[in-house]
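Visitor: Here it is, the structure, as structure tokens.
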Amino acid sequence: MDNKHDILQLLRSVAEGATAPEDALLQLKEAPFEDLGYAKVDFHRSVRQGAAEVIYGAGKTPEQIAGIAQTMGERGCRNILVTRIGPEEAEAVARSVPLEYHADARLGLAFPGEQKRLGSIVVATGGTSDIPVAEEAALTAEAMGNRVTRLYDVGVAGLHRLLSNLDTLMAARCVIAVAGMEGALASVVGGLVDCPVIAVPTSVGYGASFGGLSALLSMLNSCASGCSVVNIDNGFGAGYLASRINQMEGLKE
Numbered sequence: 001m002d003n004k005h006d007i008l009q010l011l012r013s014v015a016e017g018a019t020a021p022e023d024a025l026l027q028l029k030e031a032p033f034e035d036l037g038y039a040k041v042d043f044h045r046s047v048r049q050g051a052a053e054v055i056y057g058a059g060k061t062p063e064q065i066a067g068i069a070q071t072m073g074e075r076g077c078r079n080i081l082v083t084r085i086g087p088e089e090a091e092a093v094a095r096s097v098p099l100e101y102h103a104d105a106r107l108g109l110a111f112p113g114e115q116k117r118l119g120s121i122v123v124a125t126g127g128t129s130d131i132p133v134a135e136e137a138a139l140t141a142e143a144m145g146n147r148v149t150r151l152y153d154v155g156v157a158g159l160h161r162l163l164s165n166l167d168t169l170m171a172a173r174c175v176i177a178v179a180g181m182e183g184a185l186a187s188v189v190g191g192l193v194d195c196p197v198i199a200v201p202t203s204v205g206y207g208a209s210f211g212g213l214s215a216l217l218s219m220l221n222s223c224a225s226g227c228s229v230v231n232i233d234n235g236f237g238a239g240y241l242a243s244r245i246n247q248m249e250g251l252k253e
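1 is the number of the first residue of the sequence shown in the UniProt record's numbering; add one for each residue after it.
Structure representation (structure tokens):
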């Protein structure tokens, strides 16, 4: 039993008399994780949180990544996110499991399959240099079944570029604002929209940006209400949170 839908179907089958309670118990007793020695693959993550376990690629060997992905794929998992994986590692993993790789975001999708597109998430960047982090956010959200609109290079240095997309911004259920330098984009967006804004500071900037710390502090001190902030360059975290918000809003409709 790897997701809530499977468990619900099993319970309905028991209620209808199509499955014996003893058989249902046996299925539910299946190990909620598999111990590979170097990793304990959590098959019940989707039951608890609604999304399958994500593989953090940094620090893992291609063999370890492929082993985890293969184990998940054998249990029916699709669109398995592999974050922070370099091109050489991705090439090696792809020899063992199906992998769709996005080099700009350093993100892969193992066992890629059909993806739903629900609601509306907007991913906006201050500049072109912020796109790799934004793409990590956008691809994460898409893999989790969300419709994503990208608004790139709409920072405060040319505010008219952002204002020309007000209709798109105001129709969103959640906006991810990705910016380096002084990180002002999140505050501006937060003052324009009526939905939650997730601010992502990036390490883009000159010396005094301190590798994204300046943008992080600016975003944490935003005067616009409804802004939350994730860690520096954490596009994945923003995409995951935006998915939660977008799909919760969808349940209200």
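Note that beta-carbon positions come from the ideal geometry of N, C-alpha and C, so glycine has one too.
1. Check Asn234 in the structure and name its three-state DSSP category.
2. Which residues does DSSP list as the beta-bridge partners of Asn79?
3. Count the other C-beta atoms from every protein chain shown that fall within 10 angstroms of the C-beta of Cys77, then say buried if there are 16 or more, exposed otherwise.
4. What span of residues does the beta strand (DSSP E) with residue 276 cover, start to end?
5. Kindly list the residues whose CB is nearer than 7 Å to the CB of residue 259, restricted to its own chain and excluding five residues on each side of it in sequence; keep chain order.
6. Name the DSSP bridge partner or partners of Ser228?
7. Taking three-plus beta-carbon pairs below 8 Å as touching, is the region 132-148 in contact with the region 227-236?
8. Can you tell which of Leu11, Asn221, Pro98, Val175 has its C-alpha closest to the C-alpha of Gly113?
9. Nearest-angstrom Cα distance between Val54 and Val82?
10. Less than 6 Å between C-beta atoms, sequence neighbours within five positions excluded: which residues of the same chain meet that for Ala224?
11. Classify Tyr101: buried if its beta carbon has 16 or more other beta carbons within 10 angstroms, exposed otherwise.
12. Per the DSSP calculation, Thr125 is bridged to which residue(s)?
13. Nearest to Ile68 by alpha carbon, out of Ala110, Asn165, Leu169?
14. Would you mind sorting Lys60 into buried or exposed? The rule is 16 or more other CB atoms within 10 Å of its CB.
15. Along the alpha helix (DSSP H) that carries Leu109, what are the first and last residues, could you check?
16. To which residues of the same chain is Val230 closer than 6 Å at the C-beta, ignoring the five residues directly before and after it?
17. For Asn146, tell me which candidate among Ser243, Pro32, Ala94, Gly37 has the shortest Cα-Cα distance.
18. In the DSSP assignment, what are the bridge partners of Leu99?
19. Express the C-alpha separation of Arg75 and Arg12 in angstroms, rounding to a whole number.
20. Grab me the residues of Gly211's own chain with a C-beta within less than 6 Å of its C-beta, minus the 5 sequence neighbours each way, in chain order.
21. Excluding the 5 residues preceding and the 5 following Cys227 in the sequence, name in chain order all residues of the same chain whose CB lies nearer than 6 Å to its CB.
22. For Met248, count neighbouring Cβ atoms within 10 angstroms of its own Cβ and tell me buried if that reaches 16, exposed if not.
23. Assuming Pro62 and Val93 form a contact by the criterion Cβ under 8 Å, report the distance between their Cβ atoms to the nearest whole angstrom.
24. Of all the options Glu88, Asp153, Gly119, which has the alpha carbon lying nearest to the alpha carbon of Gly108?
25. In whole angstroms, what separates the C-alpha of Gln9 from that of Ser120?
26. Using only alpha-carbon positions, find the residue among Thr125, Ala172, Met170 that is nearest to Ala184.
Guide: Straight from the coordinates:
1. Three-state result, Asn234: coil.
2. Asn79 is not bridged to any residue.
3. Counting of Cβ neighbours within 10 angstroms places Cys77 among the buried residues, the total reaching 16 or more.
4. Outside the shown range of the chain (1 to 253) lies residue 276, about which nothing can therefore be said.
5. One cannot answer for residue 259 here, as it falls past the ends of the chain, which runs 1 to 253.
6. Ile198, per the DSSP bridge assignment.
7. Here the region 132-148 lies against the region 227-236, with 3 or more beta-carbon pairs under 8 Å apart.
8. Of the candidates Leu11, Asn221, Pro98, Val175, the residue whose Cα lies closest to the Cα of Gly113 is Pro98.
9. Computed Cα separation, rounded: 6 Å.
10. So the list reads Ser187, Gly190, Gly191, once near-sequence residues are dropped.
11. With 16 or more other Cβ atoms inside 10 Å of its own Cβ, Tyr101 counts as buried.
12. BP columns for Thr125 point to Val178.
13. Ile68 has its Cα closest to that of Ala110, out of Ala110, Asn165, Leu169.
14. Counting Cβ neighbours within 10 Å, Lys60 comes out buried, since at least 16 surround it.
15. Segment 107-110 is the beta strand (DSSP E) holding Leu109; no alpha helix (DSSP H) there.
16. Excluding sequence neighbours, Val230 sits near Val200, Gly237, Ala238.
17. Ranking Ser243, Pro32, Ala94, Gly37 by Cα distance to Asn146 puts Ser243 first.
18. Leu99 pairs with Ala110.
19. Their backbone Cα atoms lie some 21 Å apart in a straight line.
20. Non-local beta-carbon contacts of Gly211 in its own chain, meaning distances under 6 Å to residues more than five positions away in sequence, involve Ser203 in chain order.
21. Within the same chain, Cys227 has close Cβ partners Ala186, Gly190, Val197, Ala199.
22. With fewer than 16 other Cβ atoms within 10 Å, it is exposed.
23. Their Cβ separation, rounded to whole angstroms, is 5 Å, which keeps Pro62 and Val93 in contact under 8 Å.
24. Minimum Cα distance to Gly108 is reached at Glu88.
25. Straight-line measurement puts the Cα of Ser120 at about 29 Å from the Cα of Gln9.
26. Cα-wise, what sits closest to Ala184 is Thr125.
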